[in-house]
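K.L.:
Residue numbers (my numbering): 6 to 444. Even glycine gets a Cβ: it sits at the ideal position worked out from N, Cα and C.
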Ligand SMILES: [Zn+2]
């Protein structure tokens, strides 16, 4: 059985008093987290003080996740604040701490910079996690406990009874097909309160993938965000940073500690949030287009984090959201039962996609003119065709006749009209949407 995890996000209705309660619980969560961190640090500090020879802390001296869960039972007994809240809220905090602890050790083992977990301010704690959800915690509409015919309700002890709409019945459909909710999250974002439901589907394994009939290779770039092996290109993202810049400037001019500054800080956070949401939605539209038009997708296995660390073009690279897009693409392909293959990116740009000849391609050369067979093609599309051929050797080899001619002019594509254009059409100049205008 294959398992597929999916997260549904809903904007919740939240009254001012419900919001105050959420802030209160978030504060409790951050205190619990900080207490765990404090005790962990204390144990190590004590051990090092008494064993200056550097002997490692024995296992039975350190606290495990399980020990903390046991201790939390005592905390709930003694502290009325915590006993008024579902035990799972606290367990969510402990799990988060456990994750932070484990990933610290993992970073140490892999030789990365350790980066010690930090104490968290109560104002910055924004997510309440509820692991191992019991079915009664989400009340669907039209039941005895929820007479409303449209609103779902959250029913977790100690948390406000938030309500949200399941537009398109995505959650109801998933639950009807035998999926179950494993985690719930209540998130305070700058714009709204959200309820996230993490759902696990168990389903029969996909039949072994057949060789796709209509596969596509995807090359990511800076001049055009994507180039597909069939010649389509998607223009570069042009994030609208005007509002963010203006609000950032207003914030830095405000007097520290003033009420105006708090307002401006929240306005800036909202602007960032809107920008991110817009970008995410555009990514989903683009992925939907790819998944519904092709039956196999090949992408480069790029080390985007490494490229960002290298500082060269890092701003431009992060603006194009390659990693986020690939992640969404892989998830949606898996859901649709379509193969999504990552291939080694080495030499995809320098090889000729027609005859396999290899020649150097400096960054400035936008056209691939093969020195051997004479094929002329846009650099990115040539790379996309190589990526496709590497992933699906059986099905991407033939070259459309139109592309064989030496004075081949590439099909241009006005991306500003496409359904995935993300709402900044006016800021995109013609030469940015049409990378081939220079050919
Ligand atoms: Zn060639």
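1. For residue 333 and residue 230, what's the separation of their Cα atoms in angstroms?
2. Can you find the residues in the same chain that come closer than 7 Å, C-beta to C-beta, to residue 199, ignoring five residues on each side of it along the sequence?
3. Which same chain residues end up closer than 6 Å to residue 100 when comparing Cβ atoms and leaving out the 5 residues on each side of it in sequence?
4. Should residue 430 go down as buried or exposed, given a rule of 16 or more other Cβ atoms within 10 Å for buried?
5. Report yes if the C-beta of residue 360 is less than 6 Å from at least one heavy atom of ligand 1; otherwise report no.
6. Which full runs of the alpha helix (DSSP H) of 4+ residues lie inside the stretch 69-145, going along the chain?
7. Helix or strand or just coil, what does DSSP make of residue 220?
8. Do residue 383 and ligand 1 come close, with the Cβ less than 6 Å from some heavy atom?
9. Short of 8 Å in beta carbon distance, which residues of its chain neighbour residue 103, apart from the five on each side in sequence? Order them along the chain.
10. Here's a check: name, in chain order, each residue in its chain whose Cβ is nearer than 7 Å to the Cβ of residue 274, leaving out the five neighbours to either side.
11. For the stretch 151-188, which segments carrying the beta strand (DSSP E) assignment without a break, of at least 3 residues, lie completely within its bounds, in sequence order?
12. Going by the beta-carbon positions, is the gap between residue 370 and residue 303 smaller than 7 Å?
13. Under the three-state reduction of DSSP, which class applies to residue 417: helix, strand or coil?
14. Could you round the C-beta distance between residue 144 and residue 389 to whole angstroms and report it? I think they count as a contact, below 8 Å.
15. For residue 286, which option in 330, 60, 234 has the closest C-alpha, if you only look at C-alpha atoms?
16. Here's a check: name, in chain order, each residue in its chain whose Cβ is nearer than 7 Å to the Cβ of residue 147, leaving out the five neighbours to either side.
17. Leaving out five residues on either side along the sequence, give the residues of the same chain with a beta carbon under 7 Å from the beta carbon of residue 410.
18. Should residue 375 be listed as close to ligand 1, given that the test is whether its C-beta is under 6 Å from any heavy atom?
19. Give the DSSP bridge partners of residue 345, in chain order.
20. Rounded to a whole number of angstroms, what is the C-alpha to C-alpha distance between residue 234 and residue 96?
21. Please say whether residue 276 and residue 249 have beta carbons closer to each other than 7 Å?
22. Give the straight-line distance between the Cα atoms of residue 247 and residue 254, rounded to the nearest whole angstrom.
23. Closer than 6 Å: is that where the CB of residue 380 sits relative to any heavy atom of ligand 1?
24. Please classify residue 93: is it buried, with 16 or more other beta-carbons within 10 angstroms of its beta-carbon, or exposed?
25. Quick one: what does DSSP say residue 261 is sitting in, helix, strand or coil?
26. Starting from the C-beta of residue 272, find all residues in its chain whose C-beta is less than 7 Å away, skip the five residues before and the five after it, and write them out in chain order.
27. When you compare each of 90, 66, 345, 47 to residue 221 by their alpha carbons, which one comes out closest?
28. Please report the straight-line C-alpha distance between residue 43 and residue 29, rounded to a whole angstrom.
29. At a cut-off of 6 Å, is residue 345 close to ligand 3 when judged by its beta-carbon and the heavy atoms of the ligand?
30. How big is the Cα-Cα spacing for residue 376 and residue 359?
31. Is residue 357 close to ligand 1? I mean its beta-carbon at under 6 Å from any heavy atom of the ligand.
32. Pick helix, strand or coil for residue 358, following the three-state DSSP scheme.
33. Taking only three categories from DSSP, how would you classify residue 231?
P.N.:
Judging by the given coordinates:
1. Reading the chain shown from its first residue, position 328 is the one you call residue 333. Reading the chain shown from its first residue, position 225 is the one you call residue 230. Computed Cα separation, rounded: 15 Å.
2. To locate residue 199, count along the chain shown from 1; it is residue 194. Closer than 7 Å at Cβ, skipping near neighbours: 14, 15, 16, 17, 192.
3. Position 95 of the chain shown, counted from the first residue, corresponds to residue 100. Answer for residue 100: 136, listed in chain order.
4. Position 425 of the chain shown, counting from 1, holds the residue named residue 430. Bear in mind that the predicted position of residue 430 carries a pLDDT of just 34, short of 50, making it too unreliable to give a figure here.
5. For this step, residue 360 is matched to residue 355 along the chain shown. Yes - ligand 1 has a heavy atom lying nearer than 6 Å to the Cβ of residue 360.
6. 70-83, 85-88, 92-114
7. Stepping through the chain shown from its first residue, residue 220 is reached at position 215. In this structure, residue 220 counts as strand in the three-state DSSP scheme.
8. Taking the chain shown and counting its residues from 1, the one referred to as residue 383 is at position 378. Answer for residue 383: no, Cβ out of range of ligand 1.
9. For the purposes of this step, residue 103 is identified with residue 98 of the chain shown, where counting begins at 1. Answer for residue 103: 70, 73, listed in chain order.
10. Position 269 of the chain shown, counting from 1, holds the residue named residue 274. Here the set comprises 195.
11. 156-159, 168-170
12. As a first step, residue 370 must be located in the chain shown, where it is residue number 365. As a first step, residue 303 must be located in the chain shown, where it is residue number 298. Not closer than 7 Å, so no.
13. On the chain shown, residue 417 is found 412 positions in, with the first residue counted as 1. Caution is warranted here: a pLDDT of 38 is assigned to residue 417, below 50, making its placement in the model unreliable, and the coordinate value is therefore given only provisionally. Coil.
14. By 1-based counting over the chain shown, the position of residue 144 is 139. By 1-based counting over the chain shown, the position of residue 389 is 384. Between residue 389 and residue 144 the Cβ distance is about 48 Å, and since that is not below 8 Å, they are no contact.
15. Translated into positions along the chain shown, residue 286 becomes position 281. Per the Cα distances, 330.
16. In the chain shown, residue 147 corresponds to position 142, counting from 1. Once the five neighbours on either side are set aside, the close Cβ partners of residue 147 are 154.
17. Mapped onto the chain shown, residue 410 falls at position 405. Bear in mind that a pLDDT of 32 at residue 410, under 50, signals an unreliable position, so the number given afterwards is only what the model happens to contain. Excluding positions up to five away in sequence, the list is empty.
18. By 1-based counting over the chain shown, the position of residue 375 is 370. Residue 375 Cβ: within cutoff of ligand 1.
19. Position 340 of the chain shown, counted from the first residue, corresponds to residue 345. Answer is 302, bridged to residue 345.
20. If you number the chain shown from 1, residue 234 lands on position 229. If you number the chain shown from 1, residue 96 lands on position 91. Cα to Cα, residue 234 sits roughly 48 Å from residue 96.
21. Numbered from its first residue, the chain shown carries residue 249 at position 244. Numbered from its first residue, the chain shown carries residue 276 at position 271. In this structure, residue 276 lies closer than 7 Å to residue 249 by Cβ.
22. The residue you call residue 247 lines up with position 242 of the chain shown. The residue you call residue 254 lines up with position 249 of the chain shown. Near 11 Å, if we compare the C-alpha coordinates of residue 254 and residue 247.
23. Counting from one through the chain shown, the residue named residue 380 turns up at place 375. Yes, Cβ of residue 380 sits closer than 6 Å to a heavy atom of ligand 1.
24. Position 88 of the chain shown, counted from the start, is the residue given in the question as residue 93. With 16 or more Cβ atoms within 10 Å of its Cβ, residue 93 is classed as buried.
25. Position 256 of the chain shown, counted from the first residue, corresponds to residue 261. In the structure shown, residue 261 sits in coil (DSSP, three-state: anything other than H, G, I, E or B).
26. Position 267 of the chain shown, counting from 1, holds the residue named residue 272. Cβ within range, chain order: 252.
27. In the chain shown, the residue the question calls residue 221 occupies position 216. That would be 345, whose Cα lies nearest to the Cα of residue 221.
28. In the chain shown, counting from the first residue as 1, residue 43 sits at position 38. In the chain shown, counting from the first residue as 1, residue 29 sits at position 24. Roughly 21 Å separates the two Cα atoms.
29. Within the structure as shown, ligand 3 is missing, the only ligands being ligand 1.
30. The sequence position of residue 376 within the chain shown is 371, counting from 1. The sequence position of residue 359 within the chain shown is 354, counting from 1. Taking the straight line from one Cα to the other gives about 12 Å.
31. Counting from one through the chain shown, the residue named residue 357 turns up at place 352. Yes, the beta carbon of residue 357 sits closer than 6 Å to at least one heavy atom of ligand 1.
32. As a first step, residue 358 is located in the chain shown; it is residue number 353 there, counting from the start. The answer is coil: DSSP assigns residue 358 none of H, G, I, E or B.
33. Residue mapping note: residue 231 aligns to position 226 of the chain shown, counting from 1. Residue 231: strand per DSSP, three-state reduction.
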